[in-house]
Amino acid sequence: MPQNKLIEYYNNQLATFRIHFTNTVNRQGVEDIHQLRVFTKRIRTILAIMEISSQSEFRKKEHLHLFLEPFRLAGELREIQLHLHLISAYDSEYLAPYKEYLIESQEQANENLLEGLARFDFENLEELNKVLLKKIENVTNEIASKESRTYLLSKLKRVEELKDNINDDQKLHKIRIHLRAVMETLRLMNALEPSNEMREVKFQPRSLNDIIGKCHDQTVLIVSLERFVQQSANERIIQHLSTLINDLVNENSVARKNINTLLVSYLSQTV
């Protein structure tokens with residue numbers, strides 16, 4: 000029987016996830032946490048395609064639940080790290096209290112993440128994987144490739160349906176999630192069938208996804224700054240940060256117009 004490339008790919012990504020998991024436990028670096036989340040997203044996409052390819056004989060729900068807490072906690076810490084990075088571009092004494100607030104929040108988020116990672120049940124994951132691998136062992140490479148293509152097209156369709164709502168923060172974030180799934184599906188398809196025509200550059204939304212990601216990060220920073228301003232009693236800090244917020248809102252509006260142009264162009268080539 001030919002080598003099951005879907006199982007092989009899943010095992011490889013899971014092994015790399017474990018490396019980033021260990022690195023995050025040991026040093027909680029910005030890139031470690033980022034990669035932990037990247038590989039969690041990758042694994043979630045693989046699990047979704049495994050479920051489809053097995054005609055739902057395998058159900059991904061228990062696996063997804065297992066990954067949920069570390070993904071969420073890593074996201075909370077990464078969000079704070081991104082805020083610190085973004086405000087480092089502004090040289091202002093009035094940002095000092097906000098920076099102190101972020102540093103304190105980072106310490107708590109870091110502690111929460113370590114506690115969450117300590118609770119991650121690798122033994123349970125091993126047991127779930129035994130069931131998973133048994134249920135998809137007869138899924139051929141051809142079936143996995145076909146279902147991956149179907150999954151990819153479904154994600155592009157969802158982006159098409161949401162494209163007119165980029166000024167809605169939640170809808171824009173959903174577009175980003177679907178584009179990430181497209182990227183990860185293309186990566187899987189390359190492993191399953193290196194000659195597949197959908198590997199063409201026109202299908203790869205990496206640059207677009209990065210731009211949407213930066214816009215989203217800025218949006219979340221604006222919300223955080225607004226919350227901090229509401230809690231502040233210092234009028235000068237309130238005035239300065241309110242001006243900064245207005246500047247960020249204007250930049251964000253320009254970025255969304257650019258995203259709209261790029262998104263329309265991307266979809267015209269793929270849908």
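For the sequence shown, numbering that gives the first Met the number 0 gives the first residue as 0, with consecutive numbering after it. In this text, a Cβ means the ideal position worked out from N, Cα and C, and glycines have one as well. Just so you know, these numbers come straight off a predicted model, no measurement behind them.
### Task
Please confirm if the stretch 21-35 is in contact with the stretch 206-215, defined as three or more CB-CB distances below 8 angstroms between the two stretches.
The way I'd put it, the stretch 21-35 doesn't touch the stretch 206-215; fewer than three beta-carbon pairs between them come closer than 8 angstroms.
### Query
Would you report the Cα separation of Val263 and Ile51, rounded to the nearest angstrom?
So the alpha carbons of these two residues sit roughly 29 angstroms apart.
#### Entry: Range of the contiguous alpha helix (DSSP H) that encloses Val228
Note, Val228: alpha helix (DSSP H), 205-230.
### Query
Do Ser231 and Leu191 come within 8 angstroms of each other at the CB atom, strictly closer than that value?
No; because the gap between Cβ atoms is not below 8 angstroms, this pair is not in contact.
### Query
If we call anything under 8 angstroms between Cβ atoms a contact, is Thr39 one with Phe66?
Phe66 is positioned such that its CB atom lies closer than 8 angstroms to that of Thr39.
### Query
So, is Val158 buried or exposed, given that buried needs 16 or more other C-beta atoms within 10 angstroms?
Buried, because 16 or more other Cβ atoms sit within 10 Å of the Cβ of Val158.
### Task
Let me know the alpha helix (DSSP H) ranges lying completely inside the stretch 43-120, each 4 residues or longer, listed in chain order.
Within the stretch 43-120, the complete alpha helix (DSSP H) segments of 4 residues or longer fall at 60-86, 95-118, listed in chain order.
### Query
Between which two residues does the alpha helix (DSSP H) carrying Val24 extend?
Unbroken alpha helix (DSSP H) run through Val24: 4-26.
### Query
Does the stretch 77-90 come close enough to the stretch 98-111 to have 3 or more Cβ pairs within less than 8 angstroms?
Yes, the stretch 77-90 touches the stretch 98-111.
### Task
Spatial neighbours of Ser144 within its chain, please: CB distance less than 6 angstroms, with the 5 preceding and 5 following residues excluded, ordered by chain position.
Closer than 6 angstroms at Cβ, skipping near neighbours: Leu191, Glu192.
### Task
Go through its chain and collect everything with a Cβ distance to Gln105's Cβ below 6 angstroms, but skip five positions before and after it.
Excluding residues within five positions, the ones whose Cβ falls inside 6 angstroms are Ile79.
### Message
Our contact map puts Asn251 next to Thr218 with C-beta atoms below 8 angstroms; I'd like the distance itself, whole angstroms only.
### Response
Between Asn251 and Thr218 the beta-carbon gap is near 6 angstroms, inside 8 angstroms, which marks them as a contact.
### Message
Buried or exposed for Lys256, going by 16 or more other Cβ atoms inside 10 Å?
### Response
Exposed.
### Query
Is it right to say Gln238 is buried, meaning 16 or more other beta carbons lie within 10 angstroms of its own, or is it exposed?
A residue is called buried once 16 or more other Cβ atoms fall within 10 Å of its Cβ, and Gln238, having fewer, is exposed.
### Query
Does the beta-carbon distance from Ile45 to Gln12 come in below 8 angstroms?
Yes.
### Alpha-carbon to alpha-carbon, Ala47 and Lys154
Straight through space, the alpha carbons of Ala47 and Lys154 are spaced by roughly 12 angstroms.
### Query
Do you know whose CA, among Glu183, Ile6, Glu114, Lys173, lies nearest Asn128's CA?
Measuring from the Cα of Asn128, the nearest candidate turns out to be Ile6.
### Message
Can you list, in chain order, the residues of its chain with a C-beta nearer than 6 angstroms to that of Gln27? Leave out the 5 residues immediately preceding and following it.
### Response
Cβ within range, chain order: Asn109.
#### Entry: Minimum C-alpha distance to Asn140 - residue among Met188, Leu76, Asp90
Of the listed residues, the one whose Cα sits closest to Asn140 is Met188.
### Query
Using the rule of at least 16 other Cβ atoms within 10 Å of the residue's Cβ for burial, across every protein chain shown, is His64 buried or exposed?
Classified as exposed, His64 has fewer than 16 neighbouring CB atoms from the shown chains inside 10 Å of its CB.
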